[in-house]
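Each remark here refers to the structure printed beneath this line.
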Amino acid sequence: MRTLHRTLTLALVWTLTAVAILPVVFKWPAPPAPAHRFLDLHIGFWYLVAAAICWSIYHKERVSLSRAQTLSLVFLIFLLTSIVNQVHLFTVDQSSDYFRSMSNAAWQEALNDIVIQRSPLAAPHSYRFLPNAIVRWMQLTGLDYGTARDLYRLIFGLLLFYAIYKYARLYTNQVGGILAMLFVAAVYPVSFERYAGQLTDPISHLSFALAFIFLGTGDFAYLLSTLVIGSLAKETVLAMTAFFVLFSRREKGYRLKAGLLSLATLAAFFGVRLAVLHGGMSYLQVSGVPPDFIRTNWADSTWPPLFLLTACAFLPLLALGWKETPLLLKRQIFFLLPVLFLSGLAFSWLHETRNFMPLVFVSSVIGARYLVHNNR
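In this text, residue positions in the sequence shown follow my numbering: the first is 314, and each later residue adds one.
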């Protein structure tokens, strides 16, 4: 029965993903705005989706928690998601200070249209089309871009905070899981600095959190699916393939699994770029920066304080709890720190510290675990 459930779940996830990317496959344009009298109905449908996610979390957690504990957990997940999204809305979406020629919101909408068209001119954003495709589906149901964007962030924010909770629960109790979510919520707003609000992060960060879970539980099929599908939001998650290859040698069927994961990673990475570029790929087209960018990036004085407030935010708790920290979490810290830093140095801006949030997830769990286990 469990095998059947897993198979059906995977089939559903892949089917939903295939349906989700149809707007990109067929390059569907955004429809005209609907009549105002129908707008509330369209918005209501997507709020029902968010409510269904909350109910599903309640239903799943009610098995092991009391009614009061479960309700409190669901409420906290919703509250933290809403707070983080509201800060993002005010500081990024409604801000106009990133570009001189247009507001952040106008740039986001224009970028969304270009990504849906799979334009090479929008690389690397064009490679990360899954979030844009989902928002386009929302637009096709009658929402304007801004409303669709906000509902997208709500839905996947709920899933992200729940995934962080479940990740923490592999290593600590319910209180530790809640602390981990609070730690992440405290740091998240810092990562909003110095970017214009592209749609990648909620799904990209969710894919990392899920990958951490499935590495901990040993669910290979779920891990492979997470990395491939997550790479359609941002390719950085494919680095977790290297983590599996390096640290899962004792797993049953290791060689076959490592080979399958490596092939899937290469197919996902190059397949998407072939679909967008229709030919060869230069260094500039990897992430939109030239080779001499590294020197400029390193010399930028804005990244060190932001790096300290995100990637190093919980360093004292890591130091205090390191001796009792499970080996898998230690390995994730040692792997992610250089990988994310070097990726940010070579292919992004180091001051875009939202790229370090996966490291924050791991350090939050370690910090929460330390506090809980030393205050019994």
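For glycine and all other residues, C-beta sits at the position ideal for the given N, C-alpha and C.
Simplified DSSP state of residue i, which is helix, strand or coil
| i | result |
| --- | --- |
| Met451 | helix |
| Glu665 | coil |
| Leu512 | coil |
| Asp463 | helix |
| Gly531 | coil |
| Thr485 | coil |
| Ile566 | Here residue 566 turns out to be Gly, not Ile, going by the sequence shown. The answer is coil: DSSP assigns Gly566 none of H, G, I, E or B. |
| Lys547 | coil |
| His438 | helix |
| Phe339 | coil |
| Pro604 | coil |
| Gln382 | helix |
| Ser538 | helix |
| Val376 | coil |
| His591 | coil |
| Gln407 | coil |
| Asn445 | helix |
| Gln430 | coil |
| Met553 | helix |
| Glu506 | coil |
| Ile334 | coil |
| Leu492 | helix |
| Leu323 | helix |
| Ser414 | coil |
| Ser561 | coil |
Residues of its chain near residue i, where Cβ-Cβ distance is below 6 Å and the 5 sequence neighbours each way are ignored
| i | result |
| --- | --- |
| Leu663 | Asn610, Trp616, Gly657 |
| Pro502 | Val400 |
| Met670 | Ser504, His518 |
| Ile442 | Note that residue 442 corresponds to Phe in the displayed sequence, not to Ile. Hits under 6 Å: Val337, Val428. |
| Tyr371 | Thr383, Val387 |
| Gln645 | Val675 |
| Arg568 | none |
| Val585 | Tyr440 |
| Ala546 | Arg441, Leu443, Pro444, Thr513, Ile516, Ser517 |
Cβ separation of residue i and residue j, assumed to be a contact under 8 Å, to the nearest whole Å
| i | j | result |
| --- | --- | --- |
| Leu540 | Leu551 | 6 Å |
| Phe556 | Phe648 | 5 Å |
| Met494 | Phe521 | Between Phe521 and Met494 the Cβ distance is about 15 Å, and since that is not below 8 Å, they are no contact. |
| His355 | Phe505 | Incorrect: roughly 28 Å between the Cβ atoms, too far for contact. |
| Val497 | Val685 | With 8 Å as the limit, Val497 and Val685 do not qualify as a contact, their Cβ atoms being about 16 Å apart. |
| Ile679 | Thr330 | With 8 Å as the limit, Ile679 and Thr330 do not qualify as a contact, their Cβ atoms being about 31 Å apart. |
| Ile607 | Ala446 | Rounded, the Cβ-Cβ distance is 32 Å, inconsistent with contact. |
| Leu366 | Leu471 | Here the sequence assigns Ile to residue 366, which means Leu is not the residue at that position. At roughly 5 Å, the Cβ-Cβ gap stays under 8 Å, so Ile366 and Leu471 are in contact. |
| Tyr683 | Leu633 | 6 Å |
Cβ-based neighbour list, residue i, same chain, cut-off 8 Å, excluding 5 preceding and 5 following
| i | result |
| --- | --- |
| Leu641 | Leu528, Gly529, Phe560 |
| Val448 | Asn425, Tyr458, Ala461, Arg462, Tyr465, Leu512 |
| Leu573 | Leu537 |
| Tyr478 | Leu386, Ile390, Gly490, Ile491, Ala493, Met494 |
| Asp431 | The amino acid occupying residue 431 in the given sequence is Arg; Asp does not appear at that position. Here the set comprises Val337, Lys340, Ser439, Phe442, Ala588, Val589. |
| Leu650 | Ala624, Leu672 |
| Asn398 | Asp463, Arg466, Leu467, Gly470 |
Spatial neighbours of residue i in its chain, beta-carbon cut-off 7 Å, leaving aside the 5 residues before and after
| i | result |
| --- | --- |
| Phe469 | Pro515, Ile516, Leu519 |
| Met451 | Trp359, Ala461, Leu464, Tyr465 |
| Lys570 | Phe533, Glu564 |
| Glu548 | Tyr440, Phe582 |
| Thr554 | Leu540, Leu574, Ser575, Thr578 |
| Ala681 | Ala481, Thr485, Gly489, Leu492, Ala493, Phe496 |
Residue i at chain C interface by Cβ criterion, 8 Å
| i | result |
| --- | --- |
| Arg562 | Chain labels in this structure do not include chain C; a single protein chain is all it has. |
Contact test: residue i Cβ vs the ligand ADP heavy atom, cutoff 7 Å
| i | result |
| --- | --- |
| Leu545 | Summarising the ligand content, the structure contains no ligands, and the ligand ADP is consequently not present. |
Contact between the stretch 623-642 and the stretch 577-594 is defined here as three or more beta-carbon pairs at a separation below 8 Å; is this criterion met?
Result no; under three Cβ-Cβ pairs closer than 8 Å.
Quick check: the stretch 477-487 against the stretch 414-431, are there 3 or more CB pairs under 8 Å?
Contact fails: fewer than three Cβ-Cβ distances are below 8 Å.
Quick one: complete alpha helix (DSSP H) runs, 4+ long, within the stretch 611-678?
Correct list: 616-623, 628-634, 640-660.
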